[in-house]
Amino acid sequence: MIYHSSMLPLAAVCISLLATVPILLSDCKPNLRESWTLLAGIGKFLLVASMLPAVLSGHGFVFTLAEVVPEVPIQLRVDAMGMFFALVASFLWICTSLYSIGYMRTLEEHNQTRYFASFTMAIAATIGVAFSANLLTLYLFYEMLSLATYPLVTHECNADARTSGRKYLTYILGTSIGLVLPAMIITYALTGTLDFTAGGILAGKASAATLTLLLVMFLVGFAKAAIMPMHGWLPAAMVAPTPVSSFLHGVAVVKVGVFSIVRIILGIFGPGLLQNLDLGVIITTLASITVLVASLVALTQDNLKRRLAYSTIGQLSYMVLGIGMLSAAGMTGGILHIAMHAFGKITLFFCAGAIYVASGKKYISEMDGLGRRMPITYGAFLLGALSIIGVPPLGGFISKWNLLSGTIESGQWILLLVLLTSSLLNAAYFLPIVYRGVFAGTGGNGSPVEIREAPLFCLIPLTATALLSVGLFFFPDVFLELVHIAVFR
Amino acid sequence: MNTPNLHLYVLAAPLLTAFAVNLLGRVSRTWIGPLVLGALTFSAGGALMTLLHVLREGAFRYTIGNWQPPLGIELVVDPLSALMLLLVSAVALLATSSALKSVAHELPGREHLFFTLYMILIAGLLGLVLTGDAFNLYVLLEITAITTYGLIAMGSGRAALSSFNYIIMGSIGACFYLLGVGYLYILTGTLNMADIAQILPGLDAPAAIATAFAFLMVGLWVKMGLFPLHVWLPNAYSQAPTGAGAMIAPLMTKVTIYLMIRVMFSIFSPDYTFLAHAGIQAGIVWAASLAIMCASGLALAQRNLRRMLTYILVAEVAYMVGGVWLANGTGITGAILHIVNDAMMTLCLFLAAAAIIYRTGSLEFDRLNGLYRRMPVTMAAFTVGAFSMIGVPPTCGFFSKWYLILGAVRAGHPEFVTALLISSLINAVLFFRIIELAYFQPASDLSRSEPQQAGEAPLLMLSPLLLSAVALVAIGLGSGPLIENIIRLAMPPGFAP
Chain Y
1 MIYHSSMLPL AAVCISLLAT VPILLSDCKP NLRESWTLLA GIGKFLLVAS MLPAVLSGHG
61 FVFTLAEVVP EVPIQLRVDA MGMFFALVAS FLWICTSLYS IGYMRTLEEH NQTRYFASFT
121 MAIAATIGVA FSANLLTLYL FYEMLSLATY PLVTHECNAD ARTSGRKYLT YILGTSIGLV
181 LPAMIITYAL TGTLDFTAGG ILAGKASAAT LTLLLVMFLV GFAKAAIMPM HGWLPAAMVA
241 PTPVSSFLHG VAVVKVGVFS IVRIILGIFG PGLLQNLDLG VIITTLASIT VLVASLVALT
301 QDNLKRRLAY STIGQLSYMV LGIGMLSAAG MTGGILHIAM HAFGKITLFF CAGAIYVASG
361 KKYISEMDGL GRRMPITYGA FLLGALSIIG VPPLGGFISK WNLLSGTIES GQWILLLVLL
421 TSSLLNAAYF LPIVYRGVFA GTGGNGSPVE IREAPLFCLI PLTATALLSV GLFFFPDVFL
481 ELVHIAVFR
Chain E
1 MNTPNLHLYV LAAPLLTAFA VNLLGRVSRT WIGPLVLGAL TFSAGGALMT LLHVLREGAF
61 RYTIGNWQPP LGIELVVDPL SALMLLLVSA VALLATSSAL KSVAHELPGR EHLFFTLYMI
121 LIAGLLGLVL TGDAFNLYVL LEITAITTYG LIAMGSGRAA LSSFNYIIMG SIGACFYLLG
181 VGYLYILTGT LNMADIAQIL PGLDAPAAIA TAFAFLMVGL WVKMGLFPLH VWLPNAYSQA
241 PTGAGAMIAP LMTKVTIYLM IRVMFSIFSP DYTFLAHAGI QAGIVWAASL AIMCASGLAL
301 AQRNLRRMLT YILVAEVAYM VGGVWLANGT GITGAILHIV NDAMMTLCLF LAAAAIIYRT
361 GSLEFDRLNG LYRRMPVTMA AFTVGAFSMI GVPPTCGFFS KWYLILGAVR AGHPEFVTAL
421 LISSLINAVL FFRIIELAYF QPASDLSRSE PQQAGEAPLL MLSPLLLSAV ALVAIGLGSG
481 PLIENIIRLA MPPGFAP
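What follows is the structure, encoded as structure tokens:
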């Protein structure tokens, strides 16, 4: 890949960061405020998309913000991997903004200005992570994302939110300062650089024991990826308003964790080094345990958002599992699942929010017969669920197919078993929700008549993401191409 | 002999203003503000030009009145002292702007007395930074100490008692330092640092030299409040008048760290300091690590914002002592960078505290409820300062911590790495506790009942606060050039960042 110096990456990161100012200033004019949010969102997506053709043809962009540490500047660099993630995040951000407007206004939430301002900062940090050229820059944006999401997680400002906020920070900030920071400094002390380099920078620089320790520190330290036992913050963070859960805890924050791990494995360690030292097994073991345990726990959750949260924990480890296989198909599947799961899971969360907006219900056991009142929402929910289970013709099938062929390619039959078991469990915890919504509760007078579909601002985004999940099955080319460039070059 | 005299005016401006403030301030209070701000703006500008001059032309020595050493007093203007000169004058300028308001609020009618002591203190700090004479250093140390005692005693409540405690501990520290200088004088017959440094290696009196070194070090450690010699510091700094605390807390400890570096490398040599006594270097790093943990732990127990900050300050002192004693270039770079960064972070946080106390009258934790709503700008700046203390990039606190940890990794001191990380985590707990209090207010505490307390502090307090918050990010992003162009030149010979 050939890199050209350009302001485009900076503009893509900063456009929403700058938008916080007019958002804060138009506190009293909600329509103007939301226009700024949407404007920033669309602008960001267009900026990211404008770089896509160049990236596909093997050209990247680079921008150095400041020289802070010898050999490690704060630098933005657009490559295939970053473009892949930024494309997904910046597109879904537009959907989420629309959805937020419908959700927050219908529920007449307080402090909406703070909410929208924090949200724009969070998306800026997310794109920053995607375009980070080295580990230090990634760490910077990673921390920025943690701090920008704190006001969102604690939005309700009650005792519950306070406890969850504490848990959130303890896990996220505790691990990033306590594990990632020292691991990063040790890496720098060993190699003198932190640049994400194809093939890694650590080969031949340290003993196997040191490298193993570093790998574990990074895996556990990026707690946003929610690999067990660092998953506890994610269900707790569900106290946030649903748009936050859907975008940040279904897409941006958690995938920033996975993305960081991908960067570490591809750019810092290098698959070759991990293969030589046989360290992939550490990654796949941790991920397999998480996949199975999270799916089992999800079965027991009655709170819809918590069930989705545990499902997310499991699905995140699919991605980590795919990367950990260190085979081409496995890595392709793992990275691809970032996008496929994003579209599916955001649909599911949007639906959960729409149900809450329309009926005020949070628990699955209360949702009997609701599907007949909200057919569009339930239809979208079904599509999202099927995509995550991995049924064709939905996007999730493609990533799961790659993951499965990855296990076969590398002969890791146990992992094949893990993936298949987990798919069954996914079906077991998603399909009953739809079933109860559509078929249960016919006997009694069922749900009150006045429950209708959620407002259009909620409905349009969730329909769009559900349909896109289908679309991604038929047209996954752009994403596949980007992943291939990222994995093979 | 044609050396520029600018640095001398930097020093003289606050000193002369001190007397002008006393005389004219008696006549009319309105004179005080323009006088002190004018003098300090002049000093800061002069310090900046001095720094640029040094970077362009290299370090130089200046003899006051052209009396040659060893009899005359020599000032040393090298990259490190010029950097400190700029730091002290800039921090003092920002702190003074806020102090004008808070002193008028807390000590009505005594402003001229306050600012007389205050300006002498600043002159003393500037002198400490420049002096190249070991005894002169003692005199200036006492000047700063005595003015500080006076300033602290002007506080309310138990401030007088705290000041008395400080007098006792401060005098002990000064005695230690003076004894050390005495030994050196007996050994070498001179008080000029450069001369002493030249004579010492040729002497065959290891025990006497070691004694002198130990006395000097311990004396300075008492003065800087290195745990467990810190007991005077939290009371003194938290009970001082707000305006005094916001200047003393950022500067006093940092200047003393600078003096420690001077004694270690300009009077003694790095070889002597680090290698002459087996185990001392490693022992001090261990002690600093423990000090960091203990001070951070004590900070957790505080229920008052300013007291909490003073314990964090005690921990930060140990950061820098440990960093210097790591005995490698990276650690020393981290320590010097942290002198700059910690001065700015402490300034930012104390200015925020000053603004809060100006509006609400209290810094007890239970009075901080709902501050994000009542004083959003102040709390935004406070949050930046807090992030810098925790070490969140791109604020400057992250980068000095980076160098300190990297230095510890390279020097093979895992205990120091651990201490720094734990202290960062504790800082996160400490500051998020405050942020939580200020962010989640109980519905009953909406300041409807006390409308006069709502709102931001006056602009004179707010603008330096915002400037210092912006500086935290700017210094963080500029830390590469800062190290490359200034701190690299300020390193003792043989060390590189």
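Residue numbers (my numbering), protein chains in the order written: chain Y, 1 to 489; chain E, 1 to 497.
In this text, a Cβ means the ideal position worked out from N, Cα and C, and glycines have one as well.
Closer than 9 Å to chain E by CB, residue 483/Y: Not an interface residue.
Using the Cβ count rule (16 or more neighbours within 10 Å means buried), how would you classify residue 319/E? So residue 319/E ends up on the buried side.
Taking CB distances under 9 Å as the criterion, tell me whether residue 17/Y reaches chain E. For residue 17/Y, the answer is no, since every Cβ of chain E falls outside 9 Å of its Cβ.
With 16 other Cβ atoms within 10 Å as the buried cut-off, status of residue 433/Y: Looking at its Cβ environment, which holds 16 or more other Cβ atoms inside 10 Å, residue 433/Y is buried.
Between which residues of its own chain and residue 170/Y is the CB-CB distance below 8 Å, once the five residues before and five after are set aside? If the five residues before and after residue 170/Y are omitted, its C-beta is found closer than 8 Å to the C-beta atoms of 233, all from its own chain and listed in chain order.
With a CB to CB cut of under 8 Å and the five nearest residues on each side skipped, what residues in its chain are close to residue 365/E? Around residue 365/E: 303, 304, 305, 433, 434 and 437.
For residue 5/E, does the three-state DSSP call read helix, strand or coil? Residue 5/E falls in the coil class under three-state DSSP.
So, residue 134/Y versus residue 79/Y, is the Cβ gap smaller than 9 Å? Contact flag unset, no.
Closest by C-alpha distance to residue 172/E, when choosing among 210/E, 225/E, 312/E and 186/E: The residue with the shortest Cα to Cα distance from residue 172/E is 225/E.
Unbroken alpha helix (DSSP H) run spanning residue 116/E, endpoints: From DSSP, the alpha helix (DSSP H) with residue 116/E extends over 111-130.
What are the residues that DSSP puts in a beta bridge with residue 363/Y? Under DSSP, the beta-bridge partners assigned to residue 363/Y are 303/Y.
Are the CB atoms of residue 485/Y and residue 1/Y nearer to each other than 9 Å? Contact flag set, yes.
Is residue 493/Y helix, strand or coil by DSSP? Nothing about residue 493/Y can be read from this structure; chain Y reaches only from 1 to 489.
Using a Cβ-Cβ cut-off of less than 9 Å, list which residues of the region 473-495 of chain E approach chain Y; keep chain order. Listed by position along the chain: 476, 477, 478, 479, 480, 481, 483 and 484.
Using only CA atoms, which one of 26/E, 403/E and 411/E lies nearest to residue 487/E? Nearest Cα to residue 487/E within the set 26/E, 403/E and 411/E: 403/E.
Can you look up residue 65/Y in the DSSP assignment and give me helix, strand or coil? Residue 65/Y falls in the strand class under three-state DSSP.
Run through DSSP, which three-state label would residue 34/E get? Here residue 34/E sits in helix by DSSP.
Can you tell me whether residue 508/E is buried or exposed? The criterion is at least 16 other CB atoms within 10 Å of its CB, across all chains shown. Given a span of 1 to 497 for chain E in the structure shown, any question on residue 508/E remains unanswerable.
Range covered by the alpha helix (DSSP H) that runs through residue 250/E: Run containing residue 250/E: 242-262, per the alpha helix (DSSP H) assignment.
Residue 303/E (DSSP reduced to helix, strand or coil): Of the three classes helix, strand and coil, the one that applies to residue 303/E here is coil, per DSSP.
Spatial neighbours of residue 221/E within its chain, please: CB distance less than 6 Å, with the 5 preceding and 5 following residues excluded, ordered by chain position. Around residue 221/E: 229.
Output yes or no for whether 9 Å exceeds the beta carbon distance between residue 47/E and residue 76/E. With respect to the 9 Å criterion, residue 47/E and residue 76/E are not classified as neighbours on the basis of their beta carbons.
By alpha-carbon positions, which one of 369/Y, 297/Y, 291/Y and 394/Y ends up nearest to residue 342/Y? Closest option to residue 342/Y, Cα to Cα, is 394/Y.
Reduced DSSP secondary structure (H/G/I, E/B, other) of residue 486/Y: Correct three-state label for residue 486/Y: helix.
Once DSSP output is grouped into helix, strand and coil, what is the label at residue 158/E? Correct three-state label for residue 158/E: coil.
Enumerated in chain order, which unbroken segments of the alpha helix (DSSP H) with a length of 4 residues or greater are wholly contained in the region 370-433 of chain Y? Counting only runs of 4+ residues, the alpha helix (DSSP H) found wholly inside the region 370-433 of chain Y occupies 370-373, 375-389 and 395-409, in chain order.
Strictly below 8 Å CB to CB, what residues from chain Y border residue 428/E? Residues of chain Y passing the Cβ test: 169, 173, 174 and 177.
Rank 72/E, 478/E and 45/E by C-alpha distance to the C-alpha of residue 193/E and give the top, closest one. Nearest C-alpha to residue 193/E: 72/E.
For residue 245/E and residue 290/E, the rounded distance between their alpha carbons: If you take the alpha carbons of residue 290/E and residue 245/E, they lie about 26 Å apart.
Chain Y contact for residue 17/E (CB, 9 Å cutoff): By this cut-off, residue 17/E is not an interface position.
For chain Y, check one thing: does any of its Cβ atoms lie closer than 9 Å to the Cβ of residue 122/E? Chain Y, which has no Cβ nearer than 9 Å to the Cβ of residue 122/E, makes this no.
So what does DSSP say about residue 187/Y, is it helix, strand or coil? Residue 187/Y: helix per DSSP, three-state reduction.
7 Å Cβ shell around residue 240/Y - same chain, five flanking residues per side excluded: Correct list, in chain order: 152, 153 and 155.
Comparing alpha-carbon positions, which option in 39/Y, 21/Y, 291/Y and 90/Y lies nearest residue 9/Y? Minimum Cα distance to residue 9/Y is reached at 90/Y.
Nearest-angstrom Cα separation, counted from residue 81/Y out to residue 464/Y: Between residue 464/Y and residue 81/Y, the C-alpha separation is close to 25 Å.
Under 8 Å, with one C-beta from each stretch per pair, do the region 337-357 of chain E and the region 272-292 of chain E reach the 3-pair mark? Counting C-beta pairs closer than 8 Å gives fewer than three between the region 337-357 of chain E and the region 272-292 of chain E, which falls short of the contact rule.
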